[in-house]
Amino acid sequence: MRPLRAAPAEAARATRAEINLAHVRHNLRELQASLGASAADRPPARVWAVLKADGYGHGSRALATTLERAGVAGLCVALLEEGIELRNAGISCPILIMGGYYGRFRDGIEALITHGLTPVIYNVEQVEGLTSALRYLNYAGRLSVHLKVDTGMARLGVGPSELGALCDALRNSRELQLEGLMSHLACADAQDFEATQEQLSAFDQAGQVVRTAGLRPWIRHTANSAALLRWPTTHLEVVRPGLALFGVHPCPDRSVQGVRVPRLKPVMRVTSEVVALRELPTGGAVGYGHTWRATRPSRIATVPMGYADGLHRSMSSGGHVLIAGKRAPIVGAVSMDLTTVDVTDIAGVGVRDEVVVLGTQRGRFGTDCITAEEVARITGSIPYEVLTSISRRVPRFYRQA
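Sequential numbering of the sequence shown, starting at 59, is according to the numbering used here.
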(Lines of atoms letter the chains of each structure in order from A and count residues from 1; the text may use other names and numbers.)
(Lines give C-alpha, C1' and ligand atoms only; values in the text may rest on other atoms or scores of the structure.)
Protein backbone atom coordinates (compact mmCIF):
# COMPACT_ATOMS: atom_id res chain seq x y z
CA MET A 1 0.00 0.00 0.00
CA ARG A 2 1.42 3.35 -1.04
CA PRO A 3 0.87 6.53 0.98
CA LEU A 4 -1.41 8.93 -0.86
CA ARG A 5 -1.33 12.70 -0.70
CA ALA A 6 -4.46 14.37 0.65
CA ALA A 7 -6.74 15.17 -2.27
CA PRO A 8 -8.23 18.69 -2.45
CA ALA A 9 -11.72 17.27 -3.05
CA GLU A 10 -11.49 15.33 0.21
CA ALA A 11 -9.99 18.10 2.36
CA ALA A 12 -12.19 19.06 5.29
CA ARG A 13 -9.61 21.21 7.08
CA ALA A 14 -8.84 24.65 5.73
CA THR A 15 -5.11 24.01 5.89
CA ARG A 16 -3.76 23.87 2.36
CA ALA A 17 -0.74 24.55 0.18
CA GLU A 18 -1.29 26.67 -2.90
CA ILE A 19 1.17 26.00 -5.74
CA ASN A 20 1.48 28.73 -8.35
CA LEU A 21 2.47 27.05 -11.61
CA ALA A 22 2.82 30.40 -13.37
CA HIS A 23 5.64 31.21 -10.94
CA VAL A 24 7.34 27.92 -11.82
CA ARG A 25 7.31 28.89 -15.50
CA HIS A 26 8.57 32.37 -14.61
CA ASN A 27 11.45 30.98 -12.55
CA LEU A 28 12.45 28.62 -15.35
CA ARG A 29 12.60 31.52 -17.81
CA GLU A 30 14.65 33.58 -15.35
CA LEU A 31 17.17 30.78 -14.88
CA GLN A 32 17.41 30.20 -18.62
CA ALA A 33 18.07 33.92 -19.11
CA SER A 34 20.84 33.80 -16.50
CA LEU A 35 22.47 30.94 -18.38
CA GLY A 36 22.28 32.81 -21.65
CA ALA A 37 23.87 35.90 -20.12
CA SER A 38 26.76 33.99 -18.56
CA ALA A 39 27.62 31.73 -21.48
CA ALA A 40 28.41 34.12 -24.32
CA ASP A 41 31.35 32.01 -25.53
CA ARG A 42 29.32 28.81 -26.01
CA PRO A 43 25.70 27.65 -26.34
CA PRO A 44 23.77 28.14 -23.10
CA ALA A 45 23.47 25.12 -20.85
CA ARG A 46 20.15 23.32 -20.88
CA VAL A 47 18.06 23.00 -17.73
CA TRP A 48 17.27 19.59 -16.26
CA ALA A 49 14.95 20.39 -13.37
CA VAL A 50 15.40 18.51 -10.08
CA LEU A 51 12.02 17.23 -8.84
CA LYS A 52 13.11 14.77 -6.17
CA ALA A 53 11.21 14.46 -2.88
CA ASP A 54 7.90 15.00 -4.70
CA GLY A 55 9.16 18.18 -6.32
CA TYR A 56 10.54 19.57 -3.04
CA GLY A 57 7.10 19.09 -1.54
CA HIS A 58 5.23 20.93 -4.30
CA GLY A 59 3.91 17.86 -6.14
CA SER A 60 6.18 16.40 -8.79
CA ARG A 61 3.54 15.37 -11.33
CA ALA A 62 1.99 18.80 -11.74
CA LEU A 63 5.40 20.46 -11.79
CA ALA A 64 6.82 18.00 -14.31
CA THR A 65 3.89 18.55 -16.66
CA THR A 66 4.24 22.32 -16.34
CA LEU A 67 7.99 22.32 -16.87
CA GLU A 68 7.88 19.91 -19.82
CA ARG A 69 5.33 22.10 -21.57
CA ALA A 70 7.50 25.15 -20.78
CA GLY A 71 10.44 23.57 -22.59
CA VAL A 72 12.62 22.10 -19.87
CA ALA A 73 15.22 19.77 -21.42
CA GLY A 74 15.03 17.01 -18.81
CA LEU A 75 14.12 16.09 -15.24
CA CYS A 76 16.12 14.65 -12.35
CA VAL A 77 14.81 12.61 -9.43
CA ALA A 78 16.49 10.64 -6.68
CA LEU A 79 14.54 7.38 -6.71
CA LEU A 80 13.41 4.84 -9.27
CA GLU A 81 9.90 5.10 -7.82
CA GLU A 82 9.87 8.85 -8.46
CA GLY A 83 10.83 8.34 -12.09
CA ILE A 84 8.13 5.70 -12.61
CA GLU A 85 5.54 8.06 -11.10
CA LEU A 86 6.44 10.75 -13.63
CA ARG A 87 6.33 8.32 -16.56
CA ASN A 88 2.90 7.13 -15.39
CA ALA A 89 1.83 10.79 -15.37
CA GLY A 90 2.65 11.01 -19.08
CA ILE A 91 6.03 12.74 -18.90
CA SER A 92 8.09 11.97 -22.02
CA CYS A 93 11.29 14.04 -21.65
CA PRO A 94 14.50 12.44 -20.30
CA ILE A 95 14.33 11.50 -16.60
CA LEU A 96 17.60 10.93 -14.76
CA ILE A 97 17.55 8.68 -11.66
CA MET A 98 20.34 10.26 -9.62
CA GLY A 99 20.25 7.98 -6.57
CA GLY A 100 21.80 5.08 -8.47
CA TYR A 101 19.85 2.42 -6.55
CA TYR A 102 17.41 0.23 -8.46
CA GLY A 103 16.37 -2.41 -5.92
CA ARG A 104 17.86 -5.68 -4.72
CA PHE A 105 16.42 -7.74 -7.57
CA ARG A 106 16.44 -7.55 -11.33
CA ASP A 107 12.81 -6.51 -11.55
CA GLY A 108 13.85 -3.04 -10.36
CA ILE A 109 16.33 -2.72 -13.21
CA GLU A 110 13.73 -4.07 -15.63
CA ALA A 111 11.25 -1.42 -14.43
CA LEU A 112 13.86 1.26 -15.06
CA ILE A 113 14.42 -0.02 -18.59
CA THR A 114 10.77 -0.53 -19.53
CA HIS A 115 9.86 2.98 -18.33
CA GLY A 116 12.61 4.57 -20.38
CA LEU A 117 14.48 6.07 -17.44
CA THR A 118 18.15 7.06 -17.50
CA PRO A 119 20.20 5.47 -14.71
CA VAL A 120 23.17 6.99 -12.91
CA ILE A 121 25.99 4.52 -12.32
CA TYR A 122 29.12 4.65 -10.18
CA ASN A 123 30.41 1.08 -9.82
CA VAL A 124 31.13 -2.00 -11.92
CA GLU A 125 28.33 -4.04 -10.32
CA GLN A 126 25.76 -1.62 -11.71
CA VAL A 127 27.18 -2.00 -15.20
CA GLU A 128 27.02 -5.78 -14.91
CA GLY A 129 23.46 -5.73 -13.55
CA LEU A 130 22.17 -3.40 -16.25
CA THR A 131 23.91 -5.36 -18.99
CA SER A 132 22.47 -8.66 -17.76
CA ALA A 133 18.94 -7.27 -17.55
CA LEU A 134 19.14 -5.75 -21.02
CA ARG A 135 20.23 -9.05 -22.49
CA TYR A 136 17.43 -10.88 -20.68
CA LEU A 137 14.88 -8.42 -22.10
CA ASN A 138 16.38 -8.61 -25.62
CA TYR A 139 16.64 -4.85 -25.50
CA ALA A 140 17.01 -3.27 -28.95
CA GLY A 141 19.68 -0.61 -29.13
CA ARG A 142 21.73 0.70 -26.23
CA LEU A 143 20.58 2.14 -22.92
CA SER A 144 21.94 5.60 -22.11
CA VAL A 145 23.57 5.99 -18.70
CA HIS A 146 25.26 8.81 -16.79
CA LEU A 147 28.47 8.18 -14.89
CA LYS A 148 28.84 9.95 -11.55
CA VAL A 149 32.32 10.71 -10.27
CA ASP A 150 33.11 11.64 -6.68
CA THR A 151 35.05 14.89 -6.81
CA GLY A 152 34.90 15.69 -3.10
CA MET A 153 31.35 15.23 -1.83
CA ALA A 154 32.16 11.73 -0.50
CA ARG A 155 28.63 10.37 -0.86
CA LEU A 156 28.04 8.69 -4.21
CA GLY A 157 30.28 8.49 -7.23
CA VAL A 158 33.25 6.52 -8.49
CA GLY A 159 36.61 7.51 -7.04
CA PRO A 160 39.81 8.01 -9.05
CA SER A 161 41.22 4.58 -8.16
CA GLU A 162 38.14 2.72 -9.49
CA LEU A 163 37.39 4.94 -12.48
CA GLY A 164 39.59 3.03 -14.93
CA ALA A 165 37.98 -0.34 -14.18
CA LEU A 166 34.51 1.16 -14.48
CA CYS A 167 35.40 2.70 -17.85
CA ASP A 168 36.65 -0.70 -19.03
CA ALA A 169 33.36 -2.31 -18.01
CA LEU A 170 31.37 0.35 -19.85
CA ARG A 171 33.50 0.03 -22.98
CA ASN A 172 33.00 -3.75 -23.01
CA SER A 173 29.22 -3.53 -22.63
CA ARG A 174 27.48 -3.48 -25.99
CA GLU A 175 24.19 -2.78 -24.25
CA LEU A 176 25.14 0.53 -22.55
CA GLN A 177 25.92 3.94 -24.00
CA LEU A 178 27.68 6.53 -21.82
CA GLU A 179 25.62 9.65 -22.46
CA GLY A 180 26.54 11.78 -19.45
CA LEU A 181 29.34 12.54 -17.01
CA MET A 182 28.32 14.20 -13.77
CA SER A 183 29.32 15.16 -10.25
CA HIS A 184 27.86 17.13 -7.37
CA LEU A 185 29.31 20.31 -5.85
CA ALA A 186 29.55 20.46 -2.07
CA CYS A 187 30.36 24.15 -1.50
CA ALA A 188 28.77 26.08 -4.36
CA ASP A 189 27.05 28.35 -1.83
CA ALA A 190 30.33 29.19 -0.02
CA GLN A 191 31.77 32.68 -0.04
CA ASP A 192 34.91 31.69 -1.95
CA PHE A 193 35.34 29.52 -5.02
CA GLU A 194 38.33 27.46 -3.84
CA ALA A 195 36.54 24.22 -2.91
CA THR A 196 34.36 24.36 -6.03
CA GLN A 197 37.38 24.97 -8.22
CA GLU A 198 39.11 21.94 -6.72
CA GLN A 199 36.07 19.82 -7.52
CA LEU A 200 35.90 21.13 -11.08
CA SER A 201 39.59 20.34 -11.56
CA ALA A 202 38.96 16.80 -10.30
CA PHE A 203 36.00 16.56 -12.67
CA ASP A 204 38.16 17.63 -15.62
CA GLN A 205 40.75 14.99 -14.70
CA ALA A 206 38.04 12.33 -14.54
CA GLY A 207 36.83 13.45 -17.95
CA GLN A 208 40.31 12.93 -19.36
CA VAL A 209 40.39 9.39 -17.98
CA VAL A 210 37.00 8.67 -19.53
CA ARG A 211 38.04 10.01 -22.93
CA THR A 212 41.34 8.13 -22.82
CA ALA A 213 39.30 4.95 -22.31
CA GLY A 214 37.57 5.66 -25.61
CA LEU A 215 34.25 6.85 -24.13
CA ARG A 216 32.63 10.05 -25.39
CA PRO A 217 29.86 11.39 -23.12
CA TRP A 218 28.25 14.42 -24.78
CA ILE A 219 26.48 15.72 -21.67
CA ARG A 220 28.37 17.00 -18.63
CA HIS A 221 26.74 18.47 -15.55
CA THR A 222 27.77 19.53 -12.05
CA ALA A 223 25.81 22.72 -11.28
CA ASN A 224 23.04 22.85 -8.69
CA SER A 225 21.03 26.03 -8.04
CA ALA A 226 23.82 27.76 -6.13
CA ALA A 227 26.43 27.02 -8.77
CA LEU A 228 24.09 28.04 -11.57
CA LEU A 229 23.45 31.42 -9.94
CA ARG A 230 27.03 32.15 -8.84
CA TRP A 231 29.70 30.34 -10.85
CA PRO A 232 29.38 30.50 -14.67
CA THR A 233 32.32 28.11 -15.10
CA THR A 234 30.08 25.33 -13.75
CA HIS A 235 27.62 25.81 -16.63
CA LEU A 236 28.46 22.89 -18.85
CA GLU A 237 26.01 21.22 -21.24
CA VAL A 238 23.38 20.81 -18.51
CA VAL A 239 22.57 22.45 -15.16
CA ARG A 240 20.41 20.91 -12.42
CA PRO A 241 18.47 23.61 -10.51
CA GLY A 242 16.10 22.53 -7.78
CA LEU A 243 15.49 25.11 -5.04
CA ALA A 244 15.74 28.12 -7.38
CA LEU A 245 12.91 26.78 -9.54
CA PHE A 246 10.66 27.04 -6.49
CA GLY A 247 11.51 30.70 -5.94
CA VAL A 248 14.18 30.47 -3.25
CA HIS A 249 17.69 31.78 -3.88
CA PRO A 250 20.10 29.35 -2.13
CA CYS A 251 22.49 32.17 -1.15
CA PRO A 252 20.90 35.59 -1.80
CA ASP A 253 23.58 37.46 0.15
CA ARG A 254 26.38 36.10 -2.04
CA SER A 255 26.71 37.03 -5.67
CA VAL A 256 29.43 37.09 -8.29
CA GLN A 257 30.13 40.14 -10.38
CA GLY A 258 28.87 39.77 -13.91
CA VAL A 259 26.29 37.10 -13.13
CA ARG A 260 22.68 38.07 -13.76
CA VAL A 261 20.62 37.84 -10.58
CA PRO A 262 17.25 36.29 -11.47
CA ARG A 263 13.98 37.68 -10.16
CA LEU A 264 12.57 34.55 -8.56
CA LYS A 265 8.98 34.17 -7.36
CA PRO A 266 8.01 31.82 -4.49
CA VAL A 267 5.86 28.96 -5.74
CA MET A 268 4.32 27.63 -2.51
CA ARG A 269 1.93 29.44 -0.20
CA VAL A 270 0.66 27.60 2.90
CA THR A 271 -2.56 28.85 4.45
CA SER A 272 -5.05 27.88 7.13
CA GLU A 273 -7.74 29.69 9.09
CA VAL A 274 -8.80 30.58 12.61
CA VAL A 275 -11.04 27.86 14.06
CA ALA A 276 -11.41 29.09 17.66
CA LEU A 277 -10.88 32.22 19.78
CA ARG A 278 -10.61 32.66 23.52
CA GLU A 279 -9.84 35.39 26.02
CA LEU A 280 -6.96 34.71 28.40
CA PRO A 281 -6.38 36.64 31.65
CA THR A 282 -2.99 37.88 32.77
CA GLY A 283 -1.00 34.82 33.85
CA GLY A 284 -3.07 32.43 31.78
CA ALA A 285 -1.09 29.57 30.22
CA VAL A 286 -1.25 28.08 26.75
CA GLY A 287 -0.39 24.65 25.35
CA TYR A 288 1.59 21.60 26.43
CA GLY A 289 3.87 22.24 29.36
CA HIS A 290 2.45 25.74 29.84
CA THR A 291 5.58 27.12 28.19
CA TRP A 292 3.92 30.50 27.56
CA ARG A 293 1.92 32.67 29.94
CA ALA A 294 0.09 35.87 29.15
CA THR A 295 1.67 39.03 30.56
CA ARG A 296 -1.55 40.96 29.86
CA PRO A 297 -5.16 40.12 29.05
CA SER A 298 -4.77 38.37 25.71
CA ARG A 299 -6.84 37.06 22.83
CA ILE A 300 -5.68 33.65 21.56
CA ALA A 301 -6.59 32.14 18.17
CA THR A 302 -6.32 28.44 17.39
CA VAL A 303 -5.11 27.37 13.93
CA PRO A 304 -5.58 23.79 12.63
CA MET A 305 -1.99 23.14 11.61
CA GLY A 306 0.79 21.52 13.61
CA TYR A 307 4.10 19.76 13.35
CA ALA A 308 2.49 16.75 11.63
CA ASP A 309 1.66 19.15 8.78
CA GLY A 310 5.12 20.68 8.58
CA LEU A 311 4.87 23.59 11.04
CA HIS A 312 8.09 22.87 12.90
CA ARG A 313 7.85 22.54 16.68
CA SER A 314 10.79 24.91 17.14
CA MET A 315 8.48 27.68 15.91
CA SER A 316 6.85 27.48 19.35
CA SER A 317 6.86 30.93 20.98
CA GLY A 318 9.30 32.13 18.33
CA GLY A 319 7.67 32.14 14.92
CA HIS A 320 4.80 34.11 13.41
CA VAL A 321 1.83 33.69 11.12
CA LEU A 322 0.01 36.38 9.14
CA ILE A 323 -3.59 37.42 9.80
CA ALA A 324 -5.17 40.37 8.02
CA GLY A 325 -1.76 41.31 6.64
CA LYS A 326 -0.20 41.59 10.10
CA ARG A 327 2.11 39.32 12.06
CA ALA A 328 0.69 37.28 14.93
CA PRO A 329 3.22 35.56 17.21
CA ILE A 330 2.96 31.83 17.80
CA VAL A 331 2.52 31.28 21.54
CA GLY A 332 2.88 28.06 23.48
CA ALA A 333 4.03 24.77 22.04
CA VAL A 334 3.18 23.85 18.47
CA SER A 335 1.32 20.56 18.81
CA MET A 336 0.71 17.79 16.29
CA ASP A 337 -2.48 19.20 14.75
CA LEU A 338 -3.05 22.64 16.28
CA THR A 339 -1.15 25.86 16.94
CA THR A 340 -2.10 28.88 19.04
CA VAL A 341 -1.28 32.49 18.15
CA ASP A 342 -1.67 35.78 19.97
CA VAL A 343 -4.06 38.11 18.11
CA THR A 344 -4.46 40.68 20.88
CA ASP A 345 -2.96 43.42 18.72
CA ILE A 346 -4.96 42.56 15.58
CA ALA A 347 -8.39 44.12 15.87
CA GLY A 348 -11.43 42.33 14.56
CA VAL A 349 -10.03 38.81 14.11
CA GLY A 350 -12.82 36.30 13.70
CA VAL A 351 -13.32 32.58 13.21
CA ARG A 352 -12.56 31.53 9.60
CA ASP A 353 -10.18 34.42 8.99
CA GLU A 354 -7.30 33.39 6.72
CA VAL A 355 -3.97 32.53 8.34
CA VAL A 356 -0.80 32.46 6.23
CA VAL A 357 1.95 30.18 7.53
CA LEU A 358 4.24 30.52 4.50
CA GLY A 359 4.03 33.12 1.78
CA THR A 360 2.49 36.55 1.22
CA GLN A 361 -0.74 37.95 2.59
CA ARG A 362 -2.49 41.20 1.69
CA GLY A 363 -4.99 42.29 4.30
CA ARG A 364 -6.66 45.28 5.87
CA PHE A 365 -3.55 46.05 7.92
CA GLY A 366 -1.10 45.86 5.03
CA THR A 367 1.02 43.30 3.21
CA ASP A 368 3.67 41.01 4.68
CA CYS A 369 5.48 37.82 3.77
CA ILE A 370 6.85 34.84 5.66
CA THR A 371 9.55 33.23 3.56
CA ALA A 372 11.09 29.79 3.67
CA GLU A 373 14.39 31.48 4.49
CA GLU A 374 12.85 33.14 7.56
CA VAL A 375 11.38 29.88 8.81
CA ALA A 376 14.73 28.17 8.26
CA ARG A 377 16.52 30.77 10.38
CA ILE A 378 14.07 30.31 13.25
CA THR A 379 14.17 26.53 13.15
CA GLY A 380 17.91 26.25 12.61
CA SER A 381 17.32 24.50 9.31
CA ILE A 382 17.51 25.26 5.57
CA PRO A 383 14.79 26.28 3.07
CA TYR A 384 15.01 22.85 1.40
CA GLU A 385 13.77 21.19 4.59
CA VAL A 386 11.09 23.83 5.17
CA LEU A 387 9.52 23.12 1.79
CA THR A 388 9.83 19.34 1.82
CA SER A 389 8.46 19.17 5.38
CA ILE A 390 4.97 20.25 4.34
CA SER A 391 3.41 16.85 4.81
CA ARG A 392 1.27 14.70 2.56
CA ARG A 393 -1.84 15.35 4.60
CA VAL A 394 -1.79 19.00 3.52
CA PRO A 395 -3.59 19.05 0.14
CA ARG A 396 -1.95 20.90 -2.76
CA PHE A 397 -4.13 23.26 -4.78
CA TYR A 398 -2.68 24.32 -8.13
CA ARG A 399 -3.22 27.66 -9.79
CA GLN A 400 -2.07 29.00 -13.16
CA ALA A 401 -1.76 32.67 -12.22
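From the three backbone atoms N, C-alpha and C, an ideal C-beta is built for every residue, glycine too.
Rounded to the nearest angstrom, the Cβ distance from residue 391 to residue 371 is 7 Å, consistent with a contact under 8 Å. Assignment of alpha helix (DSSP H) within the segment 182-227, counting only whole runs of 4 or more residues, yields 182-194 in chain order. Boundaries for residue 417: no alpha helix (DSSP H) harbours it, while the beta strand (DSSP E) harbouring it runs 412-421, taken from the DSSP string. Going by beta carbons, residue 89 and residue 108 fall outside the 8 Å limit. Considering only 319, 304, 393 and 272, the residue with the shortest C-alpha distance to residue 347 is 393.
By the 16-neighbour rule on beta-carbons within 10 angstroms, residue 276 is exposed. Cβ contact annotation for residue 286 (same chain, cutoff 6 Å, sequence separation greater than five): 297 and 299, in chain order.
Note on residue 194: under 16 other CB atoms within 10 angstroms of its CB, so exposed under the neighbour-count rule.
Excluding residues up to 5 positions away in sequence, 418 lie with their Cβ nearer than 6 Å to the Cβ of residue 427 in the same chain. In this structure, the straight-line span from the alpha carbon of residue 110 to that of residue 301 is close to 11 Å. As the crow flies, the alpha-carbon of residue 451 is around 10 Å from that of residue 363. In this structure, residue 149 and residue 454 do not form a Cβ contact; the two beta carbons are roughly 18 Å apart against a cut-off of 8 Å.
For the pair of segments examined, the segment 174-184 was found to touch the segment 151-166: the number of CB pairs separated by less than 8 Å reaches three.
Contact fails between the segment 324-334 and the segment 124-144, because fewer than three Cβ pairs, one in each stretch, are under 8 Å apart. Residue range 441-446 is occupied by the alpha helix (DSSP H) that includes residue 441. Look at the beta carbons and you see the segment 112-120 not touching the segment 349-358: under three pairs across the two are nearer than 8 Å.
Straight-line spacing of the CA atoms in residue 257 and residue 398 works out to 47 Å.
With a cutoff of 8 Å on beta-carbon distance, residue 293 and residue 240 are scored as not near each other. In terms of CA proximity to residue 321, 307 leads the group 261, 429, 307 and 147. Around residue 217, the same chain offers 208 as residues with beta carbons nearer than 7 Å, after the five sequence neighbours per side are excluded. With fewer than 16 other Cβ atoms inside 10 Å of its own Cβ, residue 212 counts as exposed. For residue 397, the uninterrupted beta strand (DSSP E) run begins and ends at 397-400, by DSSP. With contacts defined as CB atoms closer than 8 Å, residue 387 and residue 400 qualify as a contacting pair. The C-alpha of residue 119 lies about 33 Å from the C-alpha of residue 228. By the neighbour-count definition (other C-beta atoms within 10 Å, threshold 16), residue 80 is an exposed residue. Here the C-alpha atom of residue 130 lies approximately 16 Å from the C-alpha atom of residue 101. Sorting 252, 75, 171 and 164 by C-alpha distance to the C-alpha of residue 154 places 171 at the top. When DSSP states are grouped into helix, strand and coil, residue 378 belongs to the strand group. In this structure, 234 is the residue among 234, 246, 223 and 206 with its C-alpha nearest to the C-alpha of residue 197.
For residue 155, the enclosing beta strand (DSSP E) has its first and last residue at 153-155. If you draw a straight line from the Cα of residue 445 to the Cα of residue 271, it comes to about 42 Å. Distance from the CA of residue 136 to the CA of residue 279, rounded to the nearest whole angstrom, comes to 16 Å. For residue 179, DSSP records a beta bridge to 205. The residue from 247, 202, 252 and 259 with its alpha-carbon nearest to that of residue 232 is 202.
In the assembly as shown, residue 132 is a buried residue. Its beta-carbon has 16 or more other beta-carbons within 10 Å. Buried is the label assigned to residue 389, since at least 16 other Cβ atoms lie within 10 Å of its Cβ.
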